[in-house]
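In what follows, a single structure is set out as structure tokens and then discussed.
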Amino acid sequence: HNGTWQEPPKTAMMAWFALVSRDKQINQQVVQQLPAPIESIPELLPLLDRSERVLIKGASDAGKTTLIQHTAIRATDEVIIVDPHYKPGIWPSCKVIGAGRNFVEIQKFLMWLDMELDRRYKMRMAGNEAWTRYTVIIDEYMSVAAECDNAKHVLSAMIRESRKVGFRLFICSHSELLKPLGLDGQGDVRDGLLIVRLYYSQLKQERRSTIDDGNGEI
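With this note's numbering, you'll find the sequence shown wraps up at 233, consecutive numbering, no jumps.
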């Protein structure tokens, strides 16, 4: 390697030996010792394209906003962003609610969401599903929940009832615990979320992510 001898990894040695060996019995023994093939890793963005209720959890600088920006760009529905920390250029061509920590505006929007759910289910009852499809993205959810009295109620309703009436919901949060999310005693409601966990090591400058649909992390 670059003019310097390096001892090959054991798996590489075993694979080469299995390839060149003419002894079928030895060949079979070597192949059995090789590590199992790595399962294919799903691509995150195409998976989110198909998802309808998603919680993106990560610490500061983990990449929550960056990930959700790509999700917004790829959305085929009309996109509404709730972002009290908005700055120009973050959400091109999207309707933004609550810029400049305008929690009064956010609270009014959440009230509209609650009433719109009610209106659409009455339409559905009458056999009418001619509604606009929305992708609703709530960034900085912990700040929204702390400042808006109706945030926790609307979050619970949206997780349970929004899918059938034309809403997709994405929430960015520092926590996935029930109490900070405002879902105390509603663990089954949180189970309705696909959870994306973003990890960032400041020391190693490394990033990774996992997804969890209730059947364990991948």
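All C-beta atoms in this analysis are idealised placements derived from N, C-alpha and C, irrespective of residue type, glycine included.
Sheet register partners of Gly73 (DSSP bridge): The beta-bridge partner set that DSSP reports for Gly73 consists of Leu213.
Among residues of its own chain, excluding the 5 on either side of Ile83, which ones have a beta-carbon nearer than 8 Å to its beta-carbon? Here the set comprises Ile71, Ile152, Asp154, Phe185 and Cys187.
On the three-state DSSP scale, how would you describe Ile83? Reduced to three states, the DSSP call for Ile83 is helix.
Once the 5 residues before and after Arg89 are set aside, which same chain residues still bring their CB inside 7 Å of it? Excluding positions up to five away in sequence, the list reads Leu60 and Asp64.
Inter-stretch contact at 8 Å, needing at least 3 Cβ pairs: the segment 126-141 / the segment 99-117: Look at the beta carbons and you see the segment 126-141 not touching the segment 99-117: under three pairs across the two are nearer than 8 Å.
Taking the beta carbon of Gly73 as the centre, do at least 16 other beta carbons fall within 10 Å, making it buried, or is it exposed? By the Cβ neighbour-count rule, Gly73 is buried, with 16 or more other Cβ atoms within 10 Å of its own.
Measure the CB-CB distance between Gly181 and Tyr149 and report whether it falls below 8 Å. Yes. Within cutoff.
Between which two residues does the beta strand (DSSP E) containing Arg254 stretch? Outside the shown range of the chain (16 to 233) lies residue 254, about which nothing can therefore be said.
Using DSSP with H/G/I as helix, E/B as strand and the rest coil, what is Ile233? DSSP places Ile233 in coil when its eight states are reduced to three.
Alpha carbon of Asp98 to alpha carbon of Gln122, nearest angstrom: Roughly 12 Å between the two C-alpha positions.
Can you have a look at Arg183 and say buried or exposed, based on whether 16 or more other CB atoms are within 10 angstroms of its CB? Arg183 comes out buried.
With DSSP as the reference, label Glu67 as helix, strand or coil. DSSP places Glu67 in coil when its eight states are reduced to three.
Within the same chain, show all residues whose beta-carbon is closer than 7 Å to that of Gln21, passing over the 5 residues directly before and after it, in chain order. For Gln21, where only same-chain residues beyond five positions count, there are no Cβ hits under 7 Å.
Met173: buried (16+ other C-beta within 10 angstroms of its C-beta) or exposed? With 16 or more other Cβ atoms within 10 Å, it is buried.
Within-8 Å CB hit, Glu22 to chain C: Within the model displayed, chain C is absent; a lone protein chain is all it includes.
Based on the DSSP secondary-structure assignment, which residues constitute the bridge partners of Glu93? According to DSSP, which records beta bridges pairwise, Glu93 is partnered with Tyr149.
Would Leu213 pass as a contact of Ser224 if the rule is Cβ separation under 8 Å? Yes, these two residues count as a Cβ contact at 8 Å.
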